[in-house]
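The structure under discussion appears below in the form of structure tokens.
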Amino acid sequence: MGFHHVGQPGHKLLSSSDLPASGLQSAEITGASHCAQPECLSPSLYFQFICVFTDLLSRIDLDELMKKDEPPLDFPDTLEGFEYAFNEKGQLRHIKTGEPFVFNYREDLHRWNQKRYEALGEIITKYVYELLEKDCNLKKISIPVDATESEPKSFIYMSEDALTNPQKLMVLIHGSGVVRAGQWARRLIINEDLDSGTQIPFIKRAVDEGYGVIVLNPNENYIEVEKPKIHVQSSSDSSDEPAEKRERKDKVSKETKKRRDFYEKYRNPQREKEMMQLYIRENGSPEEHAIYVWDHFIAQSAAENVFFVAHSYGGLAFVELMIQREADVKNKVTAVALTDSVHNVWHQEAGKTIREWMRENCCNWVSSSEPLDTSVESMLPDCPRVSAGTDRHELTSWKSFPSIFKFFTEASEAKTSSLKPAVTRRSHRIKHEEL
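According to this note's numbering, the sequence shown is numbered sequentially starting from 1.
Structure representation (structure tokens):
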């Protein structure tokens with residue numbers, strides 16, 4: 001069957017009767033490149049071509065086409081089900097082979113592999129929650145604190161003495177994306193180890209050094225529920241509309257449904273559930289969450305010295321907190337360690353007094369190939385920037401781990417003796433004062 005150059009005598013025009021009853025088999029259209037431009041067809045023939053093409057699409061058997069599509073998106077809900085476990089070094093390894101996690105489990109099925117990775121990621125999130133409670137002895141606290149039983153809720157984690165420790169409190173804020181409380185980077189947890197990818201080393205050392213601890217959960221902003229199906233009622237036969245008009249409307253409705261179903265098979269071949277988001281009151285964004293936890297927990301704590309560790313977008317959330325609660329933050333917070341923070345004091349419209357406070361009390365460990373703690377130039381006069389000792393964004397928190405605790409110790413001692421933190425570089429102060 002062929003579609004030849006239109007208008008040549010003796011050549012057959014393709015019609016819908018030439019098409020197979022089901023399935024898109026071998027419809028070879030020769031000369032199609034010559035008819036790519038509409039001007040090579042008369043209006044009537046072009047219209048016929050469009051009609052035939054539309055009819056062709058309507059006859060395609062999508063189920064037949066999708067036979068070799070991806071397998072069902074049905075994955076295990078435990079690490080054991082995936083046949084993986086964390087070894088004594090905190091590395092994720094296959095139970096039988098001992099090999100690291102393999103993303104491309106099935107060749108040429110990227111979406112399926114990605115869904116599998118995401119399913120494993122959800123299990124990892126729950127696993128880290130368990131570690132926070134069992135290994136770190138943190139308590140899970142539901143928020144909003146006055147939430148009703150039926151409304152959406154989030155949660156944070158706190159040590160037993162988080163609100164009563166009179167000396168020191170450490171607050172941890174991760175970045176944006178799929179990570180949840182206790183994580184720095186899911187990719188590191190899966191491909192590297194628990195130490196580099198989670199906040200657990202920070203929590204354990206903080207507890208050992210006498211800090212209370214609060215772990216924020218800024219990406220838990222909503223819950224997902226299945227979207228209710230909308231049932232469209234057909235027009236009643238007792239309508240006053242003429243029968244001919246009702247027939248036309250019914251025909252249009254059926255055609256619309258047919259097109260919608262046709263599109264839906266491509267868009268959602270696995271019949272995945274349609275979900276909707278119900279946002280959590282006063283915690284609908286990382287910025288809202290940081291302010292809420294400050295107002296209801298951190299500001300109420302007994303600690304004389306509060307320290308923040310904020311990674312990536314967590315740094316932006318902290319700056320927004322400071323903009324909204326400037327006086328309280330200045331009074332309560334002793335030092336802030338940022339790791340490759342994405343904050344921007346100009347875009348966030350942080351005032352001069354905030355910028356001055358950040359220059360004296362914050363330090364940003366940024367991704368850089370320079371050795372750890374090497375000063376890194378900055379275009380913005382907000383706070384000192386030093387190398388995290390790695391050019392990988394997700395590793396900056398882990399690589400700067402020892403330096404951050406040293407920074408906090410020096411800041412605490414400096415506050416006690418009314419001196420500035422030693423980590424604040426004199427060259428930075430002079431440079432920024434000139435600005």
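For every residue, glycine included, the Cβ atom is placed at its ideal position computed from N, Cα and C.
Cβ neighbour criterion (16 or more within 10 Å) applied to residue i
{"i": "Glu149", "result": "exposed"}
{"i": "Asn305", "result": "buried"}
{"i": "Val179", "result": "buried"}
{"i": "Thr97", "result": "exposed"}
{"i": "Pro291", "result": "The sequence shown places Ile at residue 291, rather than the Pro named in the question. Buried, by the Cβ-count rule."}
{"i": "Asp161", "result": "buried"}
{"i": "Phe3", "result": "In this predicted model, Phe3 has a pLDDT of only 42, less than 50, meaning its place in the structure is not dependable enough to derive any value."}
{"i": "Val319", "result": "buried"}
{"i": "Phe82", "result": "buried"}
Residue span of the alpha helix (DSSP H) that contains residue i, given as start and end
{"i": "Arg186", "result": "186-191"}
{"i": "Met322", "result": "313-324"}
{"i": "Lys273", "result": "Careful: Lys273 lies outside any alpha helix (DSSP H) and carries neither H nor E."}
{"i": "Trp365", "result": "Run containing Trp365: none in the alpha helix (DSSP H); it sits in the beta strand (DSSP E), 362-366."}
{"i": "Val293", "result": "286-293"}
{"i": "Leu79", "result": "79-82"}
{"i": "Ser142", "result": "Here Ser142 belongs to no alpha helix (DSSP H); instead the beta strand (DSSP E) covers 139-143."}
{"i": "Ser196", "result": "194-197"}
Chain-order list of residues whose beta-carbon lies under 8 Å from that of residue i (same chain, five-residue window excluded)
{"i": "Arg267", "result": "Annotation note: pLDDT 48 at Arg267 (below 50); position unreliable, no value reported."}
{"i": "Leu163", "result": "Gly212, Phe297, Gln300, Ser301, Ala302"}
{"i": "Met275", "result": "Glu224, Val225, Glu226, Lys227"}
Nonlocal neighbours in the same chain, by C-beta distance under 6 Å from residue i, ignoring five residues either side
{"i": "Asn495", "result": "For residue 495 there is no data in the structure shown, the boundaries of the chain being 1 and 435."}
{"i": "Lys332", "result": "Val306"}
{"i": "Leu169", "result": "Gly212, Ser301, Ala303, Val306"}
{"i": "Leu132", "result": "Leu138, Tyr157, Gly182"}
{"i": "Ile190", "result": "Leu92, Phe101"}
Contacting residues, own chain, Cβ-Cβ under 7 Å from residue i (five flanking each side not counted)
{"i": "Asp391", "result": "Ser367, Ser368, Ser369"}
{"i": "Ala85", "result": "Leu79, Arg93, Ile95"}
{"i": "Pro71", "result": "Trp112"}
{"i": "Val329", "result": "Leu321, Met322"}
Coarse secondary structure for residue i, derived from DSSP in three states
{"i": "Thr374", "result": "coil"}
{"i": "Gly212", "result": "strand"}
{"i": "His94", "result": "strand"}
{"i": "Arg392", "result": "coil"}
{"i": "Leu120", "result": "helix"}
{"i": "Phe401", "result": "helix"}
{"i": "Gln436", "result": "Residue 436 lies beyond the range of the chain shown here (1 to 435); nothing can be said about it."}
{"i": "Asn305", "result": "strand"}
{"i": "Phe86", "result": "strand"}
{"i": "Phe202", "result": "helix"}
{"i": "Ala414", "result": "helix"}
{"i": "Met379", "result": "coil"}
{"i": "Lys68", "result": "Its pLDDT being 48, under 50, Lys68 is placed unreliably in this model, and the value from its coordinates should be taken loosely. Looking at Lys68 - three-state DSSP - the assignment turns out to be helix."}
{"i": "Ala299", "result": "coil"}
N-terminal and C-terminal residue of the beta strand (DSSP E) that residue i is part of
{"i": "Val333", "result": "333-339"}
{"i": "Ser150", "result": "Run containing Ser150: none; DSSP gives neither H nor E here."}
{"i": "Tyr105", "result": "No beta strand (DSSP E) holds Tyr105; DSSP gives it neither H nor E."}
{"i": "Phe75", "result": "Careful: Phe75 lies outside any beta strand (DSSP E) and carries neither H nor E."}
{"i": "Ile156", "result": "154-158"}
{"i": "Glu464", "result": "Past the boundaries of the shown model lies residue 464; the chain is included only from 1 to 435, so the question cannot be answered."}
{"i": "Val171", "result": "168-173"}
{"i": "Val386", "result": "385-387"}
> With contact counted as at least three CB pairs below 8 Å, one residue from each stretch, are the stretch 194-214 and the stretch 392-406 in contact?
Replying inline: yes
> Can at least three beta-carbon pairs, one atom from the stretch 70-86 and one from the stretch 114-127, be found at a separation below 8 Å?
Replying inline: yes
> If we count Cβ pairs, one from each stretch, closer than 8 Å, do we get three or more for the stretch 363-382 versus the stretch 330-345?
Replying inline: yes
> Should the stretch 150-157 be regarded as contacting the stretch 275-291, the criterion being three or more beta carbon pairs within less than 8 Å?
Replying inline: yes
>> Closer than 8 Å is the cut-off here; do at least three beta carbon pairs connect the stretch 193-200 with the stretch 80-99?
In response: yes
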